[in-house]
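Here's the structure we're looking at; comments come further down.
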Amino acid sequence: MTAEALPAELRRAIVQIARTPRLLVACDYDGTLAPITLNPDEARPLPESVGALRSLAGLHETTTAVISGRALRDLATLSRLPSEVNLVGSHGSEFDIGFIHALDEHARELHRRLESELEQLVLDVPGVSLEVKPASIAVHVRRAEHEAGRRVLADVHAGPSTWEGVSTTDGKEVVELAVVQTDKGRALDILRHQVGATAAIFLGDDVTDEKAFARLSGPDLGIKVGDGETLAGFRVPDTVDVALVLGFLLEERRNWLYGESAPPIERLSMLANERSVALVTPDAKLTWLCHPGPDAPAVFADLLGGEGAGHFSIKPHRNGLPLGQRYLPNTMTVETRWSRLLVTDYLEPESAPHRTDLVRVISGEAVASVKFAPRPEFGGVPVKLEVTDGGVRVLGTSEPFVLYSPGVEWTITSDGLHDTASALVQPTPTQPVVLELRCGTTDLGPHELSEVERRDRAGRYWSEWTSKLQLPKVQTDLVLRSALTLRGLVNTDTGGVLAAATSSLPEEIGGVRNWDYRYCWIRDAAMTVRELVHLGSLEEAEGYLRWLHGVLATLAGPERLHPLYTLAGSVIGAEAVIESLPGYAGSRPVRVGNLANHQVQLDVFGPVVELVRTLAEARHELRDEDWQMVRAMAEAVTRRWNEPDHGIWEERHVPRHRVYSRVMCWVTIDRAITLGEQYGREIPGNWPGLREEIKADVLTHGWNDEVQAFTTAYDGTDLDAASLFVGLTGLIDPADERFQHTVTAIEAELRSGSTVYRYRRDDGLPGGEGGFHICAAWLIEAYLLTGRRTEAQELFDQIVAAAGPTGLLPEQYDPIAERSLGNHPQAYSHIGLIRCANLLATS
């Protein structure tokens, strides 16, 4: 038998409870795990149930327990359940073997009186037996003649059961008298409290199990085994079905926790317009979309929580593997192709500021299966769908959502909390099926333009931009895709720039290094738009500087800048955890917000002043407001350059005097002096001396004779890839032996084949991480500066090989597991690829 033999409603309930953050799985023993036998000493659990309980107990945030009427010692001996499974005996009165010692003298005396009295009641009654437990005594009449057993039970109820301090529990042909007040319901509550369970499932067959069923509420699930009245919501016939339930629960729980169907990160393709981003899997599942902006809560978070967290899927009705996925040339429009079926996706540009419009076109000749399962607020809002003229409305949400789909016949199903719309559609060679997800509106009317016209307009939005770029002759197509990716991370409404499109894609599978990158970092954004300036596009840099001027206008000075802000330029909220999401491939927690918001990062001024210099050179003009900002940042450096900080990597440790941060302070002053000299601006008299003072400080304290390299910080011997900026910025001549030795040391300690790690030190966080593409790019630049072009080309080719089929790169790469890691697509990674291609093309 398989789980398909279970009722459909029960399967749906099991799927739902399997997705709770912390699950408690509890059950009775006799009649549930083990079939009822005439001789209780012969009751053995089904091996399938034991295996499922053991495996469930081994899962993250999952606790299993058996709550039995048997004495705990007998339960442990008879069941032979593994130690991972919690055992509770005597209807919840025994949580450990030594429980008898916890009874006070009055309870022990009462227990002795009960045993003496009951021995007299059952004396010379064949088939009746006593089961003496540490805190109770059970009278079994299962093997006695019916009338004799009935008389014994009546005598027990009329006699010892009435004694003060005695608690009576009736079961199937058994009555138990306890000297402590407890039952299976209380035991279930204790276990729930101990493990902090967000939901519990309990299975039982006996009358005594009803007290456990009575304690279930909300998302809990109760399953009665066998006949009889019950408070449980579901029922299965026997212990064989219990094994099916536990096996199915194990499968669903494991899949939900570990995301066994999680697509490789680098194979995800990004859709974008001027203010929104979305991710599509290689099989055309919309797996990530936030609204009303990329830094807002997710409407579709399948990427971090499986299908229960929201998805919009299109695939052939007769399952088949996709033949490929690609971007239409020079656009952000994605095509996913199967035999006889094609899905084309794009986010419509130039829509109203509050709108996000996703257009999905199904063409070909095969029948397609469509599932529409929006889950706003990371699945925290119950979703009700209403089929109406023109499509589907999403009800009960603060933001309006509709799916414009004229002519499609939808079927609505519910899991009790959320609705899902499903349909089969049949495109024809001349009549594709068009689905339009409209976020931020209730309008289900037809668009004034045809879909073909809108697709063409969306393509032109991007291709007209790319036509102005000046691309290198090295990896031209991949550089173009990287440029489009960076442009897609720019919000043209505000000028803010995303560090990446996602939150909480892990730096280690199953690890806790999962961060929210859906914000605008001062440093990252400046580096992003500067790279676009190098390719000939200035508008993103100008928009970002307007954004930054707006942020600075709210502050007393640049030193009050936070490291990151929302795309709108406001301070982000506190870092929090979405407990209901299991994370990509079981990597939790899923975070929103970022604690780095409160750190001191003195390096952020350098990239901004570098950007201003690069932009001024490109437009042959230094604007007054930009110069005033440069002066203010240089003055901030004057006041604070010699302070410790948290640095570019935002380590959650005490601040240190970091080489990279000190170098960026030098860059701030050096580039400010250059700008002033080049454009005839007044330069404060203390700047040249300060520039030399910072440089001397780095050379004196940043160099370490023991390791023959510039180290991470002044107080240690650990290495950091960011220390390469001593030479990359020109603070020292790349021909200087100290820089040459630093390159060699970082190569030896931090490079691993195709990637380069940030550092190897203990940063206070558990687990590990992959190598960073941006660090590999820095090493490539260092190779070129030190005359090692062959090594530079080799490492660059390895970065190129790590890109996904559609040309996108996440943050990191694990050279051991040969898999991509981190948020995706990552601006840093594409910045590095573009810069290295330009350097290789001109070296």
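The sequence shown maps to residues 223 to 1065 in our numbering. Note that the Cβ used here is the ideal one computed from N, Cα and C, for glycine as well. Computed from a prediction, not measured in an experiment: that's the story for all the values here.
CB contact flag (residue i, residue j, <7 angstroms)
| i | j | result |
| --- | --- | --- |
| W510 | L525 | yes |
| V812 | I800 | yes |
| L246 | L413 | yes |
| A763 | W743 | no |
| V920 | C887 | no |
| T896 | A856 | no |
| E873 | D985 | yes |
| E488 | G1026 | yes |
| G1072 | F424 | Since the first and last residues shown for the chain are 223 and 1065, residue 1072 lies out of range. |
| A935 | H963 | no |
| A360 | E398 | yes |
| H368 | V396 | no |
| P654 | V583 | yes |
| Y979 | D942 | no |
| V696 | A1024 | no |
| A225 | F456 | no |
| A807 | G481 | yes |
| L693 | R475 | no |
Through-space distance from residue j to residue i, alpha-carbon basis
| i | j | result |
| --- | --- | --- |
| V354 | G448 | 27 angstroms |
| H576 | P514 | 7 angstroms |
| Q1015 | I1038 | 22 angstroms |
| L466 | G993 | 43 angstroms |
| P304 | L294 | 14 angstroms |
| E673 | L569 | 12 angstroms |
| G629 | Y683 | 30 angstroms |
| S704 | L268 | 57 angstroms |
| A894 | L666 | 54 angstroms |
| H1052 | G924 | 29 angstroms |
| D940 | A520 | 39 angstroms |
| T384 | H333 | 14 angstroms |
| F522 | N736 | 18 angstroms |
| V502 | A409 | 46 angstroms |
| V830 | L706 | 22 angstroms |
| T788 | P516 | 10 angstroms |
| D611 | H669 | 15 angstroms |
| L375 | E264 | 24 angstroms |
| A595 | Q1048 | 27 angstroms |
| A256 | T461 | 7 angstroms |
| D252 | V288 | 10 angstroms |
| A421 | D411 | 11 angstroms |
| C249 | N261 | 21 angstroms |
| R862 | L824 | 8 angstroms |
Integer-rounded CB distance, given that residue j should sit under 8 angstroms from residue i
| i | j | result |
| --- | --- | --- |
| T566 | E557 | 5 angstroms |
| T555 | G407 | So it is not a contact: roughly 58 angstroms between Cβ atoms. |
| R615 | V605 | Contact doesn't hold; Cβ gap of about 11 angstroms is too wide. |
| S976 | Q1020 | 3 angstroms |
| L833 | A748 | 4 angstroms |
| G791 | G772 | 5 angstroms |
| S809 | G733 | 6 angstroms |
| A944 | I870 | 5 angstroms |
| A400 | S358 | 4 angstroms |
| P804 | G527 | 6 angstroms |
Nonlocal neighbours in the same chain, by C-beta distance under 6 angstroms from residue i, ignoring five residues either side
| i | result |
| --- | --- |
| E730 | G989, G990 and E991 |
| A798 | V814 and G815 |
| L278 | V247, T284, T286 and L472 |
| G1054 | H995, I996 and A999 |
Opposing strand residues paired with residue i [DSSP bridges]
| i | result |
| --- | --- |
| L564 | R559 and S585 |
| Y787 | C742 |
| S351 | H362 |
| F623 | V616 and C661 |
| R880 | A935 |
| F522 | L511 |
Close-in-space but distant-in-sequence residues of the same chain around residue i (CB under 8 angstroms, 5 per side omitted)
| i | result |
| --- | --- |
| D937 | R878 and H879 |
| D738 | S725, S726, E797, R813, V814, G815 and N816 |
| R841 | L760 |
Sequence-distant residues of its chain with Cβ nearer than 7 angstroms to residue i (five each side left out)
| i | result |
| --- | --- |
| G393 | G291, D428, V429 and T430 |
| T1096 | With the chain running from 223 to 1065 in the structure shown, residue 1096 is simply not present. |
| V885 | V920, F947, V948, T951 and L953 |
Neighbour flag for residue i against chain C, beta carbons, 7 angstroms
| i | result |
| --- | --- |
| L345 | The structure shown contains no chain C, having only a single protein chain. |
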